[in-house]
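Below is one structure, written out as structure tokens; the observations come after it.
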Amino acid sequence: MENWVDDLNGRGAKYKPLLEAAEKRYGIPSGMLARLAWQESRFREDIVSGRTVSSAGAMGIMQIMTRWHPGVDPLNPAEAIDYAGQFLARLYKKFGTWELALKAYNWGEGNLAKWLRGEKLEPLETRLYSAQILNDLGMA
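For the sequence shown, position 74 matches number 74 in the UniProt record's numbering, and the numbering has no gaps at all.
Given below as structure tokens:
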């Protein structure tokens, strides 16, 4: 079974200072951005480098979709991590909880807003995404 902490201290170790700095800079709970990065890329070099791109077009360590976030280079880990931290903090301020911020990161702000208004069903992937991250951080 995969373990995000082992992966963070192994193949993700070179990103750990960037992740911790972004968490501090943007007031994100300790470990949350690292756990999100692991959920998105597993710190796999083929994903981080862009050799592997998701079917939705998400790229890099934080799986950023340049279609929706054109001002960031998703293949530059320092830039992508900082951007993801800033974005996650903004989502937290907008939606009020880390659970909703994580759901919005995964599913998109518009989809989450529609779900909150009862206009859309939440996919299982999004429900599990936020639950797994919060559970692993002891925040569930």
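Here a beta-carbon is modelled for each residue, glycine too, at the ideal position from N, C-alpha and C.
Cα-Cα separation between residue i and residue j, rounded to whole angstroms
i             : j              : result
glutamate 23  : leucine 100    : 17 Å
serine 130    : glycine 96     : 14 Å
aspartate 6   : glutamine 132  : 16 Å
glutamate 20  : glycine 118    : 36 Å
isoleucine 64 : methionine 139 : 25 Å
lysine 2      : lysine 93      : Note that residue 2 corresponds to glutamate in the displayed sequence, not to lysine. Each residue's Cα considered, the two are about 31 Å apart.
glutamate 109 : tryptophan 98  : 13 Å
Cβ neighbours of residue i in the same chain (closer than 8 Å, five flanking residues each side left out)
i             : result
arginine 88   : With the sequence shown as reference, residue 88 is identified as leucine, and arginine is not the correct amino acid for it. These residues qualify, in order along the chain: Tyr26, Ile28, Met32, Leu33, Leu36, Ala101, Leu102 and Tyr105.
leucine 75    : Val48, Ser49, Gly50, Met59 and Gly60
arginine 67   : Gly57
methionine 62 : Leu36, Ala37, Glu40, Ser41, Pro74, Ala80, Ile81, Tyr83 and Ala84
valine 72     : Ile64, Thr66, Glu79, Ala80 and Tyr83
Cut-off 7 Å between Cβ atoms - residues of its own chain near residue i, not counting five sequence neighbours on either side
i            : result
serine 30    : Glu23
aspartate 46 : Thr52
Beta-carbon proximity list for residue i, same chain, < 6 Å, skipping 5 on both sides
i              : result
tryptophan 115 : Glu122
glycine 12     : Phe43
glutamate 125  : none
Strand pairing of residue i, partner residues [DSSP]
i             : result
isoleucine 64 : Met59
* Asked: Which full runs of the beta strand (DSSP E) of 3+ residues lie inside the UniProt domain "Transglycosylase SLT" (19 to 120), going along the chain?
  -> none
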